Structures are given as C-alpha cells and as structure tokens.
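Student: First the structure, then my questions, so here it is.
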Amino acid sequence: MTSNANYRRYILLAITLIALGVTFSNTMENVKTLGTVLIAVGGLFFIIGMNQKRKDVEDFKK
Numbered sequence: 044m045t046s047n048a049n050y051r052r053y054i055l056l057a058i059t060l061i062a063l064g065v066t067f068s069n070t071m072e073n074v075k076t077l078g079t080v081l082i083a084v085g086g087l088f089f090i091i092g093m094n095q096k097r098k099d100v101e102d103f104k105k
C-alpha cells in the first residue's frame, strides 16, 4: 500500500456526503431531492475509494 493512502480521503468524503444526504432527506422538507443526490454522489465516491484501495492492495502484494 502507498504511504499516502488517497483512498481514505475518498471513503471519508463518501461517508460524510452520505450522512449529509440522509440528514437532508429525512429532516428538511425543502431539500429532499438534494439529500437523494448527496447519497448518490457519496455512493459514487465510496465506489471510487474502494476501487483505489483494491488497486493499492494488489500493488502491495506484487
């Protein structure tokens, strides 16, 4: 694995966006659609982060 571990930033950003999206979609009446969009974008960043993590682990094993 790289010492920089950029995938952690993507995963942390994803968790933050998903948490904000859930909060917006459940508590605020005016921004339910923004909450849904934040959940989707957070899921995208989560997938990107996990893909980079898999690549780092594969590179480390070589």
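Counted the way our numbering counts, the sequence shown spans residues 44 to 105. The beta-carbon is built from N, C-alpha and C at its ideal position, and this holds for glycine as well. Owing to the predicted nature of the structure, the values given are computational and were not obtained by experimental measurement.
1) Shorter than 7 Å, the distance from the beta carbon of G78 to the closest heavy atom of the ligand ZN, or not?
2) Does DSSP put A62 in a helix, a strand or coil?
3) Is the Cβ-Cβ distance between F67 and L87 less than 8 Å?
4) Is the Cβ-Cβ distance between A57 and F103 less than 8 Å?
5) Let's test the definition: count the other Cβ atoms within 10 Å of the Cβ of L60 and tell me whether it reaches 16, buried, or not, exposed.
Tutor: The answer reads as follows:
1) This structure lacks the ligand ZN, and indeed carries no ligand of any kind.
2) Note: A62 maps to helix in three-state DSSP.
3) no
4) No, the Cβ-Cβ distance between A57 and F103 is not below 8 Å.
5) buried
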